[in-house]
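All residue numbers for the sequence shown refer to the numbering used here, where the first residue is 375 and numbers rise by one. Just so you know, even glycine gets a beta-carbon here, dropped at the ideal spot from N, CA and C.
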Amino acid sequence: MEQEQIYDLLQQLQAGKKSPEEVMQYLKLEPEMQVGNYADIDLHRSLRQGMPEVIYGEGKTADQIAGIAAAMKEREIQNIMITRLSQEKAEVLKEAVGLEYEAVPKIGFVNRTEAEKKGKIAVVAAGTSDLPVAEEAAVTAETYGNYVERVYDVGVAGIHRLLHRLPVFTDANAVIAVAGMEGALVSVVGGLVQCPVIGVPTSVGYGANFGGLAALLSMLNSCASGVSIVNIDNGFGAGVLASKINRQSLK
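Structure follows, in structure tokens:
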């Protein structure tokens, strides 16, 4: 059950529209729910964090994902997100649980609803090859109720492309900067904006990139202050962190 749903129930109780017994019936949710012998769903994560549990699709079978998603849907959890979901599994889940699929970020949704967008997060990507990670961050942030503006293919090899887009960042409460190769974009953005910058190194690059390690180390050594870094290719983590920053800014 979402925080907003419980708040609405309490308001109805206060107004006399629902009895204490009716409210208790709604609240009779265990903090966890076991699915078969392979999953134990954290049903109270929305209450603690404001965001429901997310299903990590990589390494799970389509049947396991379907079982978890169906159990969450039964409890009226909205915007059930499945990350790192392959096209093949998505095809199975469309039939099984009514999945909606976004191919570029490889994210699937069950029981999807449109959230009201508040505040602004900017997602900037160095190159087109970084878009799967950048879109994972952007779609995650949008799902959690943030207005997202995208600025793509503005890497430092042609830095003029970034400079004339600077007005996009002036009213952002957080910027997610996604880059592979040497990851220089994060330092540049960090030196140009006032809000927190979240760097996301990607595994895009030639051999000495070491699958994103070069970009990660470069970002960790950024000379720009106010920059934090998530793990390689972790667009989802960046989207969640930016969402929390944005919420705090709005409060």
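Residue i - DSSP class collapsed to helix/strand/coil
i, result
"Glu450", "coil"
"Pro426", "coil"
"Tyr475", "strand"
"Gly493", "strand"
"Glu444", "Correcting the residue type first, residue 444 is Ala in the shown sequence and not Glu. Ala444 falls in the helix class under three-state DSSP."
"Ile415", "strand"
"Ile533", "coil"
"Ser561", "helix"
Closest by C-alpha distance to residue i, when choosing among the options
i, options, result
"Ala531", "Val522, Val542 and Met555", "Met555"
"Ser617", "Asn595, Tyr526, Thr514 and Ala598", "Thr514"
"Leu536", "Ala499, Val507, Gln385 and Leu505", "Ala499"
"Arg419", "Gly573, Met446, Gly433 and Pro394", "Met446"
"His593", "Val571, Lys434, Tyr580 and Phe610", "In the sequence under discussion, the amino acid at residue 593 is Met, which differs from the His named in the question. Among Val571, Lys434, Tyr580 and Phe610, the Cα nearest to that of Met593 belongs to Val571."
First and last residue of the uninterrupted beta strand (DSSP E) at residue i
i, result
"Ile481", "Ile481 to Val484"
"Arg524", "Asn520 to Val525"
"Glu488", "Careful: Glu488 lies outside any beta strand (DSSP E) and carries neither H nor E."
"Ala553", "Ala548 to Ala553"
Start-to-end residues for the alpha helix (DSSP H) that takes in residue i
i, result
"Ala589", "Leu587 to Leu594"
"Ile619", "Gly609 to Leu624"
"Thr576", "Premise fails: Thr576 is in no alpha helix (DSSP H) and is neither H nor E."
Whole-angstrom C-beta distance between residue j and residue i, which should lie under 8 Å
i, j, result
"Ile451", "Pro426", "5 Å"
"Ala489", "Thr517", "7 Å"
"Gly626", "Ala551", "Only positions 375 to 625 of the chain appear in the structure, and residue 626 is not among them; the question remains open."
"Glu523", "Lys494", "6 Å"
DSSP bridge partner residues for residue i (one or two, in chain order)
i, result
"Thr457", "Tyr430"
"Val498", "Val525 and Ala551"
"Val571", "Val549 and Val601"
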